[in-house]
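Student:
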Amino acid sequence: MFKEMHNLFQWAWLIPFLPFLSFFIIAFITKRSKGLSAAISILAILTSLCLSIGIGIGVISSGAEVVENPVMSTVNWLSIGGLQINFGTLIDPMSAMMLFVVTLVASMVQIYSLGYMHGDKGFSRYFCYQSLFAFSMLGLVLSTNLLEMYVFWELVGLCSYLLIGFWYFKVSAREAAKKAFVTTRVADVGLLIGIVLLYTKFGSLDFYGPGSLSAQMASGFQDFALIGSVSYLTVMALLVFIGPMGKSGQFPFHVWLPDAMEGPTPVSALIHAATMVVAGVYLVARMFFLFDNASPVALEFVAIIGSFTAIFAATIAIAQDDIKKILAYSTLSQLGYMMFALGVGALTASMFHLMTHAFFKALMFLGAGSVIHALHEKQNIWDMGGLYKKMPITTITFGIGVLAIAGIPPFAGFFSKDEILASAMHSGHPFIYAIGLFTAFLTAFYMCRLFFVAFLGEEKPENHPHESPKTMTVPLIILAFFSVVGGWAALPDHNFAYFIHYGVFEPEAMDWGLAAISVAAGLIGIGLAYSIYVKKAIKAEDVVARFPGVYKLLKNKYYIDEIYQWVIDKIIDGFIAKVLYWFDIYIIDGIVNSLALLVRGTGSGLRRFTTGQLQTYALVFFFAVVVFYIVLAVGEGQLAGLNPLAMLGGVK
Amino acid sequence: MTISVGLSTYLLVGAMLFCIGLYGVFSKRNVIAVLMSIELMLNAVNLNFVAFSRFTPWENQGINPLVGQVSALFVIVVAAAEIAVGLALVITIFRNRKTTNVDDLNWLKW
Amino acid sequence: MSTMATVVFFIFAIIAVAAAWGVVTSTNIVHSALFLALSFLGVAVLYVLLNAEFLAAAQILVYAGAVSILVIFAVMLTLRGDVAVSNPNTNKWTWGVCVAGLLFALIALVILTNDAWRILPMPSTAGGTTELSALLLSWYMVPFEVAAFLLTIALIGAVILAKGGKERK
């Protein structure tokens, strides 16, 4: 069985290749035909899904073997001098899990898009970009080395740009696309520097295998202090972490994610909830050995940034009114969870939460899309209400998603979130645990606020909602199914932790005490939201009136965007740009110009020798004679006594 | 005080004449003046020859000191021939170009 | 050398050099030509002091007598404009001063520091015209004839050039 599955692993490259083929075909051949483009794209991604399921089964059935020895198949891509870069696929439980998640969510989103994007002018272009994104993300997941991952990292950034700015005739969409791309690009500088430094130090960028980074670090690498007392590995770890900070929306690079909601809702579901934003978490998980071998400062930094992002985004979310913005800040918050889980050393918990979050967040985004589509592009939750009557399937599935994210058993979020909090507590980070617990309360609160306001309550008379077509509701149901059962992967003997872990596997029993506390926090949040928005026992307006400053701060996202804009205007554009401009004009251009001036000056100087007049030539000639005379007479001839050089050297 | 005039004095006079002639070659605009300066230089060379000829001792078996004077004689001959031809050239050029200015004889520039 | 000879030397050396100076600094070309003749005469006297009487005579006959006249004729045939400014300096005359001055300084330095050349003349009467003519017509016979030949050719060439050969149809 393992042998056949092993053979299947060799075909893993097909998984990203099929969407790429579909992208190619749609872009160049079937652009005109909407139906054909969609069909090709969906066919490709469904085939990839089947292959991923096959690989997943193969990984599970091969048990511990794949965990110890990841299967890599590579081809040599670049071989110049001492530089050897391979491209290939890496199959281990983590990548198998990611493959399954990505292909499942991508296929659900593409099927959903048939209904959502129906009638849109750029229908073919949409599926073209979707296929390209699928290719990029799957390639990223299967990467064997840092360079390959960086290539696909940038590709997903590009696809994000293309898809956010899909409705390019809207100025806000264009601006949002630019913002996303530039912000992640700025963060990628750190990652690139880290990659270069790692390569120069270790000579290899592979993750696993002989001679790879993990092997070298495991075999007693002598760390040394680079800056002050900060070790080299720590610096590299921090540099590498800057990339995920941008891609996964950690503070202070989080600003692009809420704006990315300008794109179509299925895009938000796929890219900005389930797959692309988790690429950062995935990278940190892949490079976990680097963080582990560096000083604890690196992981502490990750944990602090992650937990801060979690609570920061959650506080903003409670004051937002746009349904997609609430979900976006919720995504930021959950990404913070995943990051700080890695920061406290819980790789398993982080990956587990990644998987479950993909399911229920994509579900909720698609549900929101269903609502938006039904209400003809209305996105403010206060314009909605009582949708449960006309849109039952959407309401039920969305409700399942809300329960999952609130951490209520037996839904998926409970297992993963609880594991994170338990790891935080057990690894000696009580403060981070407290932050996580409070954020869980906030999460439950604002998600239920969204649910109660939008789906329950009174219908607004101007709305005419109707249930979405089958192409949109079937993916909702499928994702809801996974949101329910996804968490149960933690239960069996060979559970999630058995396959995906770092270091030695130690089966941990569930800490029911902590679990109860986190469930209680979730229930309190739900209760609070219920009392405010359903029972109207506490008036929301009163709370706002009591803390007007706080409310304004939260509603305006802590004015971070305004601060960044001010920095860019005043400092970067105002000062740095001017300095660099001056430098460019006077120094760089000056050097080039001075070369030209030098040539011109020499030319005009030498021109005087070639006058065509005999007397000038005679002058030059005799001047040479004088020079020779001096050289011969003063050098070694009769006038040697006058030679100043000889006098310097003493008696000749 | 007796100031004796030896070989080096004659050589100095010759050097002076030569350098004055050289200066004339460089700095005169009239072609004929340049030719005259060349004559001065030849004169100086002649003086050199004759001075060395006079101050070479007769007992020197290797060379007849009068060779200096013979050389000077031939230099005179050649100088005369040269100036004749040179001035003929100047006249020809003047006939064509109506100028004796050295600066106008600049066809070498192209 | 007697005092008389020394005085004569200095007088005529100064005449020669001063006349040469006049050749190159005069702006009047006719003055330059006349100064040239004067310089030749001065050098001729120096030749006499150096026991080269024949050469002195040849110098006067050829240089002062023929070359100078030739120059005057050429000046006469090519004169345009005002004679007083017919021999101006070029723009580059300062360079000329530099190079010539430098060269003179170097040569003078060599002459003055060379001990082998600080010799006084041996009193002798040998080396007169007789010996010179004997040398010229025995050892240097061929150059003598060639020189004559050269003169003939130069003469013919100069005549042709000055006549303007191309205008003959």
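Protein chains in written order, with my numbering: chain A, 61 to 712; chain B, -16 to 93; chain C, 16 to 184.
No residue lacks a Cβ here, since even glycine has one placed at the ideal position from N, Cα and C.
Once you ignore the five residues that flank T375/A on each side, which residues in its own chain have a CB closer than 8 Å to its CB?
Tutor: The answer, listed in chain order, is L502 and L614.
Student: Can you tell me which residues form a DSSP beta bridge with T149/A?
Tutor: Beta-bridge pairing links T149/A to S133/A.
Student: From S715/A to L143/A, what distance separates their C-alpha atoms?
Tutor: Coverage of chain A is limited to positions 61 through 712, which leaves residue 715/A absent and any answer about it impossible.
Student: Just to make sure I have the definition right: I need the residues of chain B whose C-beta is within less than 7 Å of the C-beta of L679/A. Which are they?
Tutor: In chain order: F9.
Student: For L53/C, would you say it is in contact with chain B, using Cβ-to-Cβ distances shorter than 9 Å as the test?
Tutor: So no, L53/C is outside the interface.
Student: Looking at the unbroken alpha helix (DSSP H) that takes in A33/C, where does it start and where does it end?
Tutor: Residues T18 to T40.
Student: Starting from T105/C, find everything on chain A with Cβ-Cβ shorter than 7 Å and list it in chain order.
Tutor: In chain order: Q675.
Student: For a cutoff of 9 Å on Cβ pairs, would you count V125/C as touching chain A?
Tutor: Answer yes: the Cβ-Cβ gap between V125/C and chain A drops below 9 Å somewhere.
Student: If you run the structure through DSSP and keep just helix, strand and coil, what is L49/B?
Tutor: Coil at L49/B, not helix or strand.
Student: Can you list, in chain order, the residues of its chain whose CB lies under 7 Å from that of E519/A, leaving out five sequence neighbours each side?
Tutor: Around E519/A: G445, G446 and K449.
Student: Terminal residues of the continuous alpha helix (DSSP H) containing R245/A?
Tutor: Run containing R245/A: V231 to F262, per the alpha helix (DSSP H) assignment.
Student: Counting only Cβ pairs nearer than 8 Å, list the residues of chain C close to R37/B.
Tutor: L65, N66, A67, P136 and G142, listed in chain order.
Student: Going by C-alpha to C-alpha distance, which of I302/A, S272/A and F229/A sits closest to D248/A?
Tutor: Cα-wise, what sits closest to D248/A is I302/A.
Student: Going straight from the alpha carbon of A678/A to that of L692/A, what length do you get?
Tutor: Each residue's Cα considered, the two are about 21 Å apart.
Student: Return the first residue and the last residue of the alpha helix (DSSP H) that V276/A is part of.
Tutor: Per the sequence presented here, residue 276/A reads as Gln, with Val not at that position. Run containing Q276/A: L273 to A278, per the alpha helix (DSSP H) assignment.
Student: Measure from the C-beta of V38/C to each C-beta in chain A and report whether the shortest distance is under 9 Å.
Tutor: No, V38/C lies away from the interface with chain A (no Cβ there is under 9 Å from its Cβ).
Student: Going by DSSP in three states, D629/A sits in which element: helix, strand or coil?
Tutor: Note: D629/A maps to helix in three-state DSSP.
Student: Which residue marks the beginning of the alpha helix (DSSP H) containing K638/A, and which one marks its end?
Tutor: Residues A637 to W642.
Student: Would a check of beta-carbon distances place V90/C closer than 9 Å to chain A?
Tutor: With 9 Å as the cut-off, V90/C does not count as an interface residue toward chain A.
Student: Can you have a look at N319/A and say buried or exposed, based on whether 16 or more other CB atoms are within 10 angstroms of its CB?
Tutor: The amino acid occupying residue 319/A in the given sequence is Asp; Asn does not appear at that position. The residue in question, D319/A, is buried, as its Cβ has 16 or more Cβ neighbours within 10 Å.
Student: Below 7 Å CB to CB, which residues in the same chain sit around G254/A once its five sequence neighbours on both sides are set aside?
Tutor: Once the five neighbours on either side are set aside, the close Cβ partners of G254/A are M296, L299 and V300.
Student: Please check the pair D729/A and V135/A, which I expect to be a contact at CB under 8 Å, by giving their CB distance rounded to whole angstroms.
Tutor: Missing from the structure shown is residue 729/A; chain A here goes from 61 to 712 and no further.
Student: What runs of the alpha helix (DSSP H), each 4 residues or longer, lie entirely inside the region 104 to 181 of chain C?
Tutor: Correct list: 108 to 128, 144 to 153 and 156 to 178.
Student: Do L252/A and Y210/A have their C-beta atoms closer together than 9 Å?
Tutor: Yes.
Student: For H436/A, does the count of other Cβ atoms within 10 angstroms reach 16, so buried, or fall short, so exposed?
Tutor: It counts as exposed.
Student: So with Cβ pairs under 9 Å, would you call V114/C a contact of chain A?
Tutor: Yes, its Cβ sits closer than 9 Å to a Cβ of chain A.
Student: When you check each C-beta in the region 148 to 169 of chain C against every C-beta of chain B, which residues fall closer than 7 Å?
Tutor: Within the region 148 to 169 of chain C, the qualifying residues are L150, L151, Y155, P158, A162, L165, L166 and A169.
Student: When you compare each of Y176/A, R346/A, P304/A and S97/A to L150/A by their alpha carbons, which one comes out closest?
Tutor: The candidate whose alpha carbon is nearest that of L150/A is R346/A.
Student: So, are the CB atoms of A34/B and L(-6)/B less than 9 Å apart?
Tutor: Contact: yes.
Student: Quick one: Cα of L25/B to Cα of L5/B, how far?
Tutor: Cα to Cα, L25/B sits roughly 11 Å from L5/B.
Student: If the cut is a Cβ gap below 7 Å, which residues of chain B does F688/A touch?
Tutor: Within chain B, no residue comes near F688/A; the closest Cβ sits about 15 Å away, beyond 7 Å.
Student: For I122/C and L53/C, I'd like the C-alpha separation in whole angstroms.
Tutor: Their backbone Cα atoms lie some 25 Å apart in a straight line.
Student: What's the call for I560/A, buried or exposed, on a 16-neighbour Cβ count within 10 Å?
Tutor: Buried is the call here.
Student: Look at the Cβ atom of F400/A, then the Cβ atom of A514/A, and state whether they are nearer than 9 Å.
Tutor: No, these two residues do not count as a Cβ contact at 9 Å.
Student: Residues in the same chain with beta-carbon distance under 7 Å from L174/A, minus the five sequence neighbours each way, listed in chain order, please.
Tutor: Cβ within range, chain order: A98 and T531.
Student: Straight-line CA distance for V201/A to G517/A?
Tutor: Distance between the alpha carbons of V201/A and G517/A: 43 Å.
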